[in-house]
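One structure is given here, and the rest of the page talks about it.
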Amino acid sequence: MSNSNFDKNGLDSYGVHWLQYAAFAVSCFAIFTTWAFFYDDSFHDFIIKIIRIFNCSGFNCNGV
34 MSNSNFDKNG LDSYGVHWLQ YAAFAVSCFA IFTTWAFFYD DSFHDFIIKI IRIFNCSGFN
94 CNGV
């Protein structure tokens with residue numbers, strides 16, 4: 034883990050900060066999951082099941 038292409042400020046040879054790479058990866062994941070939620074029925078059902086589990090386990094702040 035000590036061999037890194039980033040300097041002490043977190044910049045690589047192109048001047049890109051490591052957090053910019055992380056933000057790009059998170060953005061790609063968000064775009065893909067949004068697409069999958071609306072266009073893939075099995076993924077949509079999977080997310081709805083997870084939301085129902087959270088609602089039934091006390092994480093529903095607006096519920097009774």
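Just add 33 to the spot in the sequence shown (first one is 1) and you have this note's numbering. A virtual CB, placed ideally from N, CA and C, is assigned to each residue, including glycine. Remember, predicted model here, so these are calculated numbers, not experimental data.
Give me the DSSP bridge partner(s) of residue i.
i	result
L44	H50
Rounding to the nearest angstrom, what Cα-Cα distance links residue i and residue j in this structure?
i	j	result
V97	F71	With a pLDDT of 49 at V97, under the threshold of 50, the modelled position of that residue is not reliable, and no figure is offered here.
S46	D74	43 Å
V49	A56	12 Å
N38	A58	18 Å
How should residue i be labelled, buried or exposed, when 16 other C-beta atoms within 10 angstroms of its C-beta is the threshold for buried?
i	result
N88	exposed
M34	Since pLDDT at M34 reaches only 44, below the 50 mark, its modelled position is unreliable, and no value is offered.
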